[in-house]
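Following: one structure in structure tokens, then a few remarks.
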Amino acid sequence: MNKKLLGLASMLCGLALLSTTATAATTLRFAHPAPQSDLQQVLAEAFKKEVERESDGELQVQIFPNGQLGNDAQMIDGTRSGIIDITLSGLNNFTGLVPEAAAFTLPFMFPDHEAAYRALDGKPGQQVMAKLGEFGLEGLAFPENGFREMTNNRGPIREPKGLQGLRMRVNNSIALNDMFELLGANPQQIPVNELYTALETGVVDAQDHPLGIVVSFNFNEVQKYLSLTNHAYAALALVMNKQRFDSLTPAQQQIVRNAAADATRMQRSMNIQRSESMVQQLKQKGMQVNRDVDTAAFQQAVQPVWDKFIEAHGKAMIDAIQQASAKDSAEPQS
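All the letters of the sequence shown, read from the start, carry residue numbers -24 to -1, 1 to 310 under mature numbering (1 follows the signal peptide of the UniProt record, and there is no 0).
Below, the structure is given as structure tokens:
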């Protein structure tokens, strides 16, 4: 175990000792990377409320927002080791464990939210959850960040050539790195909690995130242009330490699963409902917003990204996602 995890373990052991001396309840430590103003915190609070209510207080949930327990990779490692009980993180952060899950992050995979939900809540998503079990994680649900949009300080992005030369912050998604590099940008991986400063100081001059992250991290203060490209869907994964989950009674396990499903439905719905108001909010704060994006040109330009994924991982997961996400899919939803 590295020094950061040892320090985290020491701090959380102290918190756990306080919890057990105060009450006989089981305390679940829930970590996520977003600020308290973000819908990830709203989801965590809804999950906490339902779990504590339905368990009659036998289960307590302690929330650690804003990356208090580390960055995404550290929180996932902490959850696998049992230092953290529950983590909410971008699905892209789990593709090192389940490489085929990167198919969900391919550019222009989903035309809308409902198509993404059908795939994530259907067999393809269940396959990813089952695979996570091999790495000490119990998959609970797939909330969302939503569709990724582009912001920058140079001008509106309407077609692929608009990305040429941009120093673009990217996450660790191989597909998105490949996409931005293919389109002539200079992709640079920077943790989200360091991104505001990187944009402010000019280390990068562009980034892509769903609207909720743009708002909650105040990127409008350091970015002038917002282009509604909807170029990739960003799912979140809500996971729990498998050993911890297995230690709960069957009734408690069901309470946790139900709370995860209910909180996810609420968070997804709120995210969709708030999308347009977030656009207007960013406009009022000075951002210039454009919707006139040549989606067909982007889709054609990024085809090599799909080809590279298929060469590395095959086409089975892509086919499964496309079948499950189709409007006429008879796939049962969880």
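Each residue gets a CB set at the ideal place from its N, CA and C atoms; glycine is no exception.
Just so it is clear, the structure is predicted and the values come from calculations on it, not from any experiment.
An exposed status is given to E287, since fewer than 16 other beta-carbon atoms sit within 10 Å of its beta-carbon. When the beta-carbon positions are compared, A235 and L214 stay at least 7 angstroms from each other.
Measuring C-alpha to C-alpha distances from A211 to each of L202, K137, P186 and A7 identifies P186 as the nearest.
In this structure, the straight-line span from the alpha carbon of D14 to that of K261 is close to 18 angstroms.
For I133, there is no enclosing alpha helix (DSSP H), as DSSP marks it with neither H nor E. Residue pairing by DSSP places S65 opposite A213 in a beta bridge. Across the set E21, L116 and D154, the C-alpha of D154 shows the shortest separation from the C-alpha of L82. Put simply, the backbone Cα of R244 is about 24 angstroms away from that of Q44. DSSP places L175 inside the alpha helix (DSSP H), whose first and last residues are V168 to T177.
Within the stretch 83 to 117, the beta strand (DSSP E) runs of at least 3 residues that lie entirely inside it are, in chain order, 113 to 117. L142 is not a Cβ neighbour of A174, given a cutoff of 7 angstroms. Sorting Q50, A92 and E28 by C-alpha distance to the C-alpha of I59 places Q50 at the top. Cβ atoms of P9 and V168 come within 8 angstroms of each other, at about 7 angstroms. One thing to note: R56 has its Cβ within 7 angstroms of the Cβ of G112. Taking every protein chain shown into account, the CB of A161 has 16 or more other CB atoms within 10 angstroms, so this residue is buried. Counting the other Cβ atoms within 10 Å of the Cβ of T177 gives fewer than 16, which makes it exposed.
Its chain contains N196 and L202 as the residues whose beta carbon lies nearer than 6 angstroms to that of M263, once the 5 sequence neighbours on both sides are disregarded; these appear in chain order. M126 and P226 have their C-alpha atoms spaced approximately 44 angstroms apart. A contact is defined here as three or more CB-CB pairs under 8 angstroms, and the stretch 20 to 40 fails this definition with respect to the stretch 71 to 81.
In this structure, R124 places its C-beta atom within 7 angstroms of the C-beta atom of A208. In this structure, DSSP gives G122 an extended state, which the three-state scheme calls strand.
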